[in-house]
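Reviewing the structure listed below.
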Amino acid sequence: MKLRLTPLNILTSLLIVSAAFLPQFPDVKGFRELGRIPLFILIILCFITDQVFRRFIPELKRIWLIELLFLIFVAVLMILIKLYIFN
Numbered sequence: 042m043k044l045r046l047t048p049l050n051i052l053t054s055l056l057i058v059s060a061a062f063l064p065q066f067p068d069v070k071g072f073r074e075l076g077r078i079p080l081f082i083l084i085i086l087c088f089i090t091d092q093v094f095r096r097f098i099p100e101l102k103r104i105w106l107i108e109l110l111f112l113i114f115v116a117v118l119m120i121l122i123k124l125y126i127f128n
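If you want it as structure tokens, here you go:
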């Protein structure tokens with residue numbers, strides 16, 4: 042088995058670690074309980090997206106490029122949605 046480290050793989054690992062540490066810290070307003078469900082959905086989406094990219098793109102260099110562009114696109118899209126819809 043060949044280990045191929047990708048940006049979405051790293052992000053999924055970081056999200057799993059944050060999901061493990063999220064319930065350990067107390068929160069007065071209860072935001073940690075509300076944030077747990079979207080975090081698990083995000084973990085599943087990152088994992089599935091990573092597997093799709095790995096399946097259809099054979100070269101590791103191209104996977105890194107496309108996944109980084111995908112992450113930048115999603116981040117910009119989230120910022121634009123936050124600025125123009127929720128303000």
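The sequence shown begins at 42 in this note's numbering and counts up by one.
From the three backbone atoms N, C-alpha and C, an ideal C-beta is built for every residue, glycine too.
Following the continuous alpha helix (DSSP H) through ASN50, name the residue where it begins and the one where it ends. 48-62
With DSSP collapsed to three states, give me the class of GLU100. coil
Report all residues from its chain with a CB closer than 8 Å to the CB of LEU112; omit the five preceding and five following residues, and keep chain order. PRO48, LEU49, LEU52
For ILE57, which of LYS43, CYS87, MET119 has the nearest alpha-carbon? CYS87
Helix, strand or coil: how does DSSP classify LYS138 here? Lying before the first or after the last residue shown, residue 138 is absent from the chain, which here runs from 42 to 128.
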